[in-house]
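A.B. asks:
Next up, the structure:
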């Protein structure tokens, strides 16, 4: 089996699973219980939170543990829910004691990218928002960003690395723009706060994340994308930001996320993060070598069949098939601003889903894009945003390498992908 | 070690852990991914959901998987968020396209018990609500319930079994009252819906739950209280009820709970539920025998020292210490309406926290009440609601048996508790 979809899910590493195991059946105690074994579980839990936090240059108390990136993002966005002005609450002579319940909260605007993950794009719909454009590599259009950064904007949410293209956004630069905007607001007496949130789910195992260096106020992390277990995430939260819990209860996680703590999950998350952090530069080097080979091998895909007239007609991308060459494959994104393990690639005119099934039969597993979107058969909003035509989107694959891969696998996979692509082009030419 | 706090946390059973293991590192695929191994994971996940659902007489598609009981309860309560009347949305000539964002939703009233878990009592604060009284055994006061069941009530939330007393509420009877109320509303042309939600977290491993027989529209389940892993829960949802997601994203769980599915967690949940269900009557019998022995042994606690004048003064419960006897222990709740594994017991005048530490040194682990509340040092609202004085609350222990216990352990624990209690009474008498 050659698994090339690490952006969708990663296996729990052996060390991580080993670290988690005692907390299921032996040290299973409720960390809030008053006796010694439970207090030891509490210590292990808090220590794991510290480990996760240290990996991003923060303290354990800066983190809120969640059930995953989606929840972290939705929780982060509540920073844009500004409390209703006190005066108006009081002036309303309501006979009910629960006036604040039905009082419409005031919402600040959220800016985010048109290429963000569904978790961001769906969550943002609950707030006034605008989407910022990207360039053909998926990098933020800073002019468009500056234009849309109006006085009502409270939260800017930009993923550190895109989940389909692996495009790494210039967060430090964005943070600098926000610093100037805050200064401007201060001078003008505008009291609206301005925060930067980043979804770093895809980047954690390949990027040396430091919240201060990146200049983020809120950061979403996801265990399942870096060798940790599914169902665990975290939200880093700088001091002084008010969030509104998504659910209420026993008051765990400083009241921001109630419910008995998922102890084995957090222990696993911490172990995976530490492991990823320890191997950061060697992983990057390893993936750079592998993606170089993969790109080289795929670039040799025969373009003879592709330039057949029928293929061109089928590909629907050329107004005048007689005149131009299809130069497949098209590698998407710019490797200079891309996670080292990503090779998103387009074979114009082909049906990527057919490719996936063909390769599945040879035990090579990859996908067309985000698993949750791919599953619905809808076309990728990310690839549309970088200017790909429908036919190009239909022929695009997301290859994302990870811990399960080695160079031999990559050579074998490249060969199999190349064969499958050529067969498909030949089939179309017939 | 003798663990007597199964209401706070249960160990993951060996079978359950065994069932979960393959899904961490081998079958780790994203269930929404398009290739065969991922589709097999999807099948296993849906099959596990079916198993959980079947155990309560429902279908897998009736369940929404969550990160635990707290989230399930908070999600269930959104049934009381009635959509804003269409007309008012339209009449508001707002220049923004997102009018519904800032439109205050209309909330129906929620009725719940004064003795519910913090997850219910905190979540309900976001809605208009009233708390229904209980009797001295913690059973719902049906007169008070009928009185408070006004036309604005949309949701009634009554736990199947209380987490401190183990008191089993007469859900079928409550459901019958709601059925009459619905008929009355129908006759009177009142269109406000009326739903019954129950938190069955504590009851799942000891009670033959069937949603139709109980007459519930919504039911909260929790893996971690029945031998499953922490961080996994479910909400059963009858057809035709509109819920509002707490967070938004990839659209998993019918759009009600986005985020990559916690596959090992749900596999574990299903295994634990099936195991609990298979052993339901034998477990109940086993716990009945053990709690009988425990009650017998504890009842013999020497009351000589207790009737000392100083103890009585200390206990603060007697106006005239010379005249009355302290008849410790007081067993709380009525065993006829109590989960078979619960022995909540009060030693008036004692400091239960001192007892816990004394017993901890002998490796007997129990607690004063709900772990999340106990941790904060606040006095139990449940024991206050059933009419206990502060001194009685201060002297109360929650003993909850489970899979880790056998009869020898219970005899040993009873002996140790008795000794600790007598020593404490003697210390006070000195």
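Chains as they are written, first to last, in our numbering: chain H, 1 to 430; chain Z, 431 to 860.
Where is the CB? At the ideal position from N, CA and C, for every residue including glycine.
All figures in this text were calculated on a predicted structure; none of them were measured in a lab.
(1) Closer than 7 Å by beta-carbon distance: list the chain H residues that pair up with residue 545 of chain Z, in chain order.
(2) Give me the chain Z residues within the contact set of residue 119 of chain H, using Cβ-Cβ distance strictly less than 9 Å, ordered along the chain.
(3) Can you confirm whether the region 27-43 of chain H touches the region 277-295 of chain H when touching is taken to mean that 3 or more C-beta pairs between the two stretches lie within less than 8 Å?
(4) Taking only runs that begin and end inside the region 755-799 of chain Z, name each unbroken beta strand (DSSP E) of 3 or more residues, in chain order.
(5) Only counting the same chain, and skipping five residues up and downstream in sequence, which positions put a Cβ closer than 7 Å to that of residue 461 of chain Z?
(6) Let me know if residue 229 of chain H comes out buried or exposed under the rule of 16 or more other beta-carbons within 10 Å of its beta-carbon.
(7) Below 8 Å on the Cβ atoms is my contact criterion, and I expect residue 560 of chain Z with residue 541 of chain Z to pass it. Report the Cβ-Cβ distance as a whole number of Å.
(8) Nearest chain B C-beta to residue 263 of chain H closer than 8 Å, yes or no?
(9) Which residues of chain H have a Cβ atom closer than 7 Å to the Cβ of residue 465 of chain Z, listed in chain order?
(10) 8 Å is my cut-off, CB to CB: does residue 15 of chain H come that close to chain Z?
(11) By the three-class DSSP mapping on this structure, what secondary structure does residue 294 of chain H have?
(12) Would you call residue 798 of chain Z buried or exposed, if buried means 16 or more other Cβ atoms sit within 10 Å of its Cβ?
(13) Does residue 261 of chain H come out as helix, strand or coil in the three-state DSSP assignment?
(14) Under DSSP, the beta strand (DSSP E) around residue 830 of chain Z begins and ends at which residues?
(15) Three-state secondary structure (DSSP) at residue 4 of chain H?
(16) By Cβ distance, which residues of its chain are closer than 6 Å to residue 591 of chain Z, with the 5 residues on each side in sequence left out?
(17) So is residue 29 of chain H in contact with chain Z if we call contact Cβ pairs under 8 Å?
(18) So, for residue 749 of chain Z: in the same chain, excluding its five sequence neighbours on each side, which residues have a beta-carbon less than 7 Å away from its beta-carbon?
(19) What span of residues does the beta strand (DSSP E) with residue 629 of chain Z cover, start to end?
(20) In chain Z, which residues lie less than 7 Å from residue 5 of chain H when you measure between Cβ atoms?
(21) Taking the alpha-carbon positions, what's the residue 344 of chain H to residue 653 of chain Z distance?
(22) For the ligand ZN, any of its heavy atoms closer than 7 Å to the Cβ of residue 280 of chain H?
(23) In chain H, which residues lie less than 8 Å from residue 441 of chain Z when you measure between Cβ atoms?
(24) Measuring only the C-alpha atoms, how far is residue 155 of chain H from residue 841 of chain Z?
(25) Can you tell me which of the three DSSP states residue 233 of chain H falls into?
(26) Tell me, to the nearest whole angstrom, how far the beta carbon of residue 119 of chain H is from that of residue 69 of chain H; I am working on the premise that it is less than 8 Å.
(27) Looking at the structure shown, is residue 439 of chain H part of a helix, part of a strand, or coil, going by DSSP?
(28) So if DSSP puts residue 109 of chain H in a beta bridge, which residue, or which two residues, is it bridged to?
(29) Look up residue 607 of chain Z in the DSSP assignment and say whether it is helix, strand or coil.
(30) Roughly how many angstroms separate the alpha carbons of residue 730 of chain Z and residue 844 of chain Z, rounded to a whole number?
(31) Rounded to whole angstroms, what's the CA-CA distance from residue 382 of chain H to residue 346 of chain H? Just pull it up for me.
(32) Closer than 9 Å by beta-carbon distance: list the chain Z residues that pair up with residue 412 of chain H, in chain order.
(33) From residue 6 of chain H to residue 351 of chain H, what distance separates their C-alpha atoms?
(34) Drop a sphere of 10 angstroms on the beta-carbon of residue 477 of chain Z, count the other beta-carbons inside from all chains shown, and report buried for 16 or more, exposed for fewer.
(35) For residue 487 of chain Z, which residues of its own chain have a beta-carbon under 6 Å away from its beta-carbon, when the five flanking residues on both sides are left out?
(36) For residue 98 of chain H and residue 638 of chain Z, what's the separation of their Cα atoms in angstroms?
C.D. replies: On the basis of the supplied data:
(1) Those within 7 Å of residue 545 of chain Z in chain H number zero; the least Cβ separation is about 15 Å.
(2) Contact note: residue 119 of chain H reaches chain Z through 677, 678, 679, 680, 688 and 689, using a C-beta cutoff of 9 Å and chain order.
(3) no
(4) Within the region 755-799 of chain Z, the runs of beta strand (DSSP E) at least 3 residues long that lie entirely inside it are, in chain order, 772-776.
(5) For residue 461 of chain Z, same chain residues with a beta-carbon under 7 Å away, outside a window of 5 residues either side, are 468, 471, 472, 475, 691 and 693 in chain order.
(6) buried
(7) 6 Å
(8) The chain labelled as chain B is not found among the protein chains of the depicted structure, namely H and Z.
(9) 356, 360 and 365
(10) no
(11) helix
(12) buried
(13) coil
(14) Its beta strand (DSSP E) spans residues 826-830.
(15) Coil.
(16) 598, 632, 633 and 769
(17) yes
(18) The pLDDT assigned to residue 749 of chain Z is 45, lower than 50, so where the model puts this residue is not dependable; a value taken from the coordinates is nonetheless given after this. Taken in chain order, the list of residues that qualify is empty.
(19) 625-629
(20) Here the neighbours are 463.
(21) 39 Å
(22) With respect to the ligand ZN, the structure offers nothing, as it holds no ligand at all.
(23) Per Cβ cutoff of 8 Å: 24, 25, 26 and 28.
(24) Cα-Cα distance, rounded: 60 Å.
(25) strand
(26) 6 Å
(27) No answer is possible for residue 439 of chain H: it lies beyond the span of chain H, which begins at 1 and ends at 430.
(28) H:153
(29) helix
(30) 10 Å
(31) 13 Å
(32) In chain order: nothing, as chain Z lies at least about 16 Å away.
(33) 22 Å
(34) exposed
(35) 640, 641 and 642
(36) With a pLDDT of 47 at residue 98 of chain H, under the threshold of 50, the modelled position of this residue cannot be trusted; read the value that follows with caution. Cα to Cα, residue 98 of chain H sits roughly 38 Å from residue 638 of chain Z.
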